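What follows is one structure encoded as structure tokens, with my remarks underneath.
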């Protein structure tokens, strides 16, 4: 494994743990989440947007590193 | 909306949403849109009320589009300014499209509404989808010599000079009047409010009307999807209709898919975007055409159909939608593998030449 791939694998592992933690937190508090989203009002609009943005940054970074670690990279990115 | 309208989520449901999200994300990362036409009915088949399915789909769409646009921006495919201009115009289209939908539903009931949606699918996909597919096949036949921005309508639009309205976008060779981009955005939003996939107008519109390349158009559509998705989430969220658990489960799969779809665009020739989009649009068209007799019978415009025939037609239609998504995903996977092999072979040849050059020195 090249140093770059090793770095990507470590980043993927760290971000993966963080991503799983976020999902666990969401579903362990599912009742409160559902109650908040089902009550019409400003909070029911802003809460999903805030959560979705946090998940997109963490899980998005994880999925990017995941494919990097597997060697699935855009054309030219591997310097070949 | 009562919390009881939000379904219980089992492991099977969660895995199904993850898998469909993955394929939907793969297609979105590649062609800029798609997936919603299967995700919404798939959620409804799991017992989610239609309006909650639409709202939750929108809530997963904007963060997915954000990640996809970010990724493809690294490859230089995204025209942020064009995406925002079309996206803001699309918001207006969504509002008008939703008003028309509401009026049709109140006037003609659920069957009238479904017939309207199916008619929109058939007309738009019948014209645009078939044209996109034929044009992509033409480019494939011409191979490297294909002219990607050689469309008469785009040439005309780029030649029209209206003082005070001209805007230069980085994805277009010439400045174009915003009097062309606004109606395109509006139509994209109208279609998104009607059939949930505005990109079926947005992407071909950017290619054939404005003259953008398929790669730029499909990536820029992700910015449009972000703007429309966030607007839709606010709108439905205020009514308490977003099931965040559903949205985040779909997002979990779709972010794996959208990264892969975006990477795939760097391995294929631009016409592949058109081929995937054309194939999906044509299959979706067939899917909607299959159920038209059901709605016509419900509106008493046809002889009543037997319940068995209705069930068969509805299931056949849903299966064809699934086929559209999986066909798109299959073509993308094949394209990635082929592109990867070609790239590896080119790299080996380049490496061998470099080594022999070094020996000569």
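Protein chains in written order, with this note's numbering: chain A, 50 to 129; chain B, 4 to 364.
Ideal Cβ positions, reconstructed from N, Cα and C, are used throughout, including at glycine.
Just so we're clear, the structure is a prediction, and the values are computed from it rather than from any experiment.
**Report entry** Residue of A/120, A/110, A/119 minimising C-alpha distance to residue 258 of chain B
**Finding:** Along the second chain, one-based indexing puts residue 258 of chain B at 255. With distances taken between Cα atoms, residue 258 of chain B lies closest to A/110.
Report task. For residue 129 of chain A, collect the residues of the same chain with a Cβ closer than 7 Å to its Cβ; drop the 5 residues on either side in sequence, then sort them by chain order. Result -> Position 80 of the first chain, counted from the start, is the residue given in the question as residue 129 of chain A. Unreliable placement is indicated for residue 129 of chain A, whose pLDDT of 34 sits below 50; the coordinate value is still reported in the next sentence. Hits under 7 Å: none found.
Query raised in the report: Near residue 50 of chain B, which residues of its chain fall below 8 Å by C-beta distance, leaving aside the five closest residues on each side in sequence?
Result: On the second chain, position 47 is the one that residue 50 of chain B refers to. Here the set comprises 10.
**Report entry** Interfacial residues, the segment 221-244 of chain B to chain A, with Cβ spacing under 7 Å
**Finding:** 233, 236, 237, 240, 241, 242, 243
**Report entry** Stretch pair the segment 59-77 of chain B + the segment 225-243 of chain B: three plus CB contacts closer than 8 Å
**Finding:** Taking 8 Å as the limit for Cβ pairs, the verdict is that the segment 225-243 of chain B does touch the segment 59-77 of chain B.
Query raised in the report: Can you tell which of B/92, B/60, B/356 has its C-alpha closest to the C-alpha of residue 189 of chain B?
Result: Sequence index remark: in the second chain, residue 189 of chain B carries index 186 (1-based). If we check each option's Cα against that of residue 189 of chain B, B/92 comes out closest.
Query raised in the report: What does residue 117 of chain B pair with, by DSSP beta-bridge criteria?
Result: Numbered from its first residue, the second chain carries residue 117 of chain B at position 114. For residue 117 of chain B, which the question treats as bridged, DSSP gives no partner whatsoever.
Requested in this report: Show which residues of chain A have a CB atom less than 7 Å away from the CB atom of residue 69 of chain B.
Outcome: The residue given as residue 69 of chain B occupies position 66 in the second chain. In chain order: 105.
Query raised in the report: Could you give the uninterrupted runs of the alpha helix (DSSP H) lying entirely in the segment 152-237 of chain B, keeping only those of 4 residues or more?
Result: 155-162, 181-198, 202-207
Query - First and last residue of the uninterrupted alpha helix (DSSP H) at residue 80 of chain B - result: To locate residue 80 of chain B, count along the second chain from 1; it is residue 77. It is not in any alpha helix (DSSP H) - residue 80 of chain B carries neither H nor E in the DSSP assignment.
**Report entry** Nearest neighbour of residue 213 of chain B, chosen from B/22, B/15, B/78, B/89 [CA to CA]
**Finding:** Taking the first residue of the second chain as 1, we reach residue 213 of chain B at position 210. Considering only alpha carbons, the answer is B/89.
Query raised in the report: In chain order, which continuous runs of the alpha helix (DSSP H) of length 4 or greater are located wholly inside the segment 286-322 of chain B?
Result: None, since the segment 286-322 of chain B contains no complete alpha helix (DSSP H) of that length.
Requested in this report: Compare the C-beta of residue 79 of chain A against all C-beta atoms of chain B and say whether one is closer than 8 Å.
Outcome: Your numbering for residue 79 of chain A matches position 30 in the first chain. Yes - at least one Cβ of chain B is within 8 Å of the one on residue 79 of chain A.
Query raised in the report: Got a sec: is the Cβ-Cβ distance from residue 62 of chain A to anything in chain B below 8 Å?
Result: For the purposes of this step, residue 62 of chain A is taken as residue 13 along the first chain, with counting starting at 1. No, its Cβ sits nowhere closer than 8 Å to a Cβ of chain B.
Query raised in the report: Using a threshold of 7 Å, is the CB atom of residue 156 of chain B nearer than that to any non-hydrogen atom of the ligand HEM?
Result: The ligand HEM is not part of this structure, which contains no ligands at all.
Query - Under 8 Å by beta carbon: chain A residues contacting residue 251 of chain B - result: One-based indexing of the second chain puts residue 251 of chain B at position 248. Those are 72, 75, 100, 101, 104, listed as they occur along chain A.
Query raised in the report: Whose C-beta lies closer than 7 Å to the C-beta of residue 197 of chain B among residues of the same chain, with five residues either side of it excluded?
Result: Here the question's residue 197 of chain B lines up with position 194 in the second chain. Around residue 197 of chain B: 100, 104, 120, 123.
Query raised in the report: Closest by CA to residue 158 of chain B, which one among B/209, B/323, B/307, B/316?
Result: Taking the first residue of the second chain as 1, we reach residue 158 of chain B at position 155. For residue 158 of chain B, the nearest C-alpha among the options comes from B/209.
Report task. Measure the Cβ-Cβ separation of residue 30 of chain B and residue 264 of chain B and say whether it is below 8 Å. Result -> In the second chain, the residue the question calls residue 30 of chain B occupies position 27. In the second chain, the residue the question calls residue 264 of chain B occupies position 261. Yes, the Cβ-Cβ distance between residue 30 of chain B and residue 264 of chain B is below 8 Å.
Query raised in the report: Under 7 Å Cβ-Cβ, which residues of chain B neighbour residue 112 of chain A?
Result: Counting from one through the first chain, the residue named residue 112 of chain A turns up at place 63. Here the neighbours are 258, 259, 262.
Query - Length-filtered (4 minimum) alpha helix (DSSP H) runs lying within the segment 41-77 of chain B - result: 53-77
Requested in this report: Evaluate the contact criterion for the segment 167-178 of chain B versus the segment 215-224 of chain B: three or more CB pairs, one atom per stretch, below 8 Å.
Outcome: Result yes; three or more Cβ-Cβ pairs closer than 8 Å.
**Report entry** Collapsed DSSP secondary structure at residue 345 of chain B in the structure displayed
**Finding:** The count along the second chain starts at 1 and reaches residue 345 of chain B at position 342. Note: residue 345 of chain B maps to helix in three-state DSSP.
Query raised in the report: Would the beta-carbon of residue 135 of chain B fall within 8 Å of that of residue 160 of chain B?
Result: Taking the second chain and counting its residues from 1, the one referred to as residue 135 of chain B is at position 132. Taking the second chain and counting its residues from 1, the one referred to as residue 160 of chain B is at position 157. Cβ distance not < 8 Å, so residue 135 of chain B and residue 160 of chain B don't count as in contact.
Query raised in the report: Between the C-alpha atoms of residue 67 of chain A and residue 248 of chain B, what's the straight-line distance to the nearest angstrom?
Result: Here residue 67 of chain A refers to the residue found at position 18 of the first chain. Here residue 248 of chain B refers to the residue found at position 245 of the second chain. Whole-angstrom Cα-Cα distance: 18 Å.
Query raised in the report: With a Cβ-Cβ cutoff of 8 Å, do residue 250 of chain B and residue 59 of chain B count as a contact?
Result: Taking the first residue of the second chain as position 1, residue 250 of chain B is located at position 247. Taking the first residue of the second chain as position 1, residue 59 of chain B is located at position 56. Yes; because the gap between Cβ atoms is below 8 Å, this pair is in contact.
Query raised in the report: When the cut-off is 8 Å and only beta carbons count, does residue 82 of chain B lie next to chain A?
Result: Numbered from 1 along the second chain, position 79 holds the residue referred to as residue 82 of chain B. For residue 82 of chain B, the answer is no, since every Cβ of chain A falls outside 8 Å of its Cβ.
Query - Whole alpha helix (DSSP H) elements within the segment 58-108 of chain A, 4-residue minimum - result: 79-87
Query - Reduced DSSP category for residue 11 of chain B - H, G, I as helix; E, B as strand; rest coil - result: Working through the second chain from its first residue, we reach residue 11 of chain B at position 8. Three-state result, residue 11 of chain B: coil.
Requested in this report: Using a cut-off of 9 Å between C-beta atoms, extract the partners of residue 270 of chain B located in chain A.
Outcome: Within the second chain, numbered from 1, the residue matching residue 270 of chain B stands at position 267. Within 9 Å Cβ-Cβ: 123, 124.
Query raised in the report: For residue 94 of chain A, which option in B/243, B/299, B/339, B/305 has the closest C-alpha, if you only look at C-alpha atoms?
Result: By 1-based counting over the first chain, the position of residue 94 of chain A is 45. If we check each option's Cα against that of residue 94 of chain A, B/243 comes out closest.
Query raised in the report: Which residues mark the beginning and the end of the alpha helix (DSSP H) in which residue 263 of chain B is found?
Result: Position 260 of the second chain, counted from the start, is the residue given in the question as residue 263 of chain B. Its alpha helix (DSSP H) spans residues 247-267.
Query - chain B residues whose Cβ lies nearer than 8 Å to that of residue 108 of chain A - result: Numbered from 1 along the first chain, position 59 holds the residue referred to as residue 108 of chain A. Near residue 108 of chain A (Cβ distances below 8 Å), the residues of chain B are 254, 255, 258.
Report task. Give the single residue among B/310, B/109, B/246 whose Cα lies nearest to the Cα of residue 81 of chain A. Result -> Your numbering for residue 81 of chain A matches position 32 in the first chain. Selected option, being the one with the closest Cα: B/246.
Report task. Might you give, ordered along the chain, the residues of its own chain that have their beta carbon closer than 6 Å to the beta carbon of residue 79 of chain B, omitting 5 neighbours on each side? Result -> As a first step, residue 79 of chain B must be located in the second chain, where it is residue number 76. For residue 79 of chain B, where only same-chain residues beyond five positions count, there are no Cβ hits under 6 Å.
Query - Residues near residue 334 of chain B by beta carbon distance below 6 Å, same chain, minus five either side - result: If you number the second chain from 1, residue 334 of chain B lands on position 331. Excluding positions up to five away in sequence, the list reads 279.
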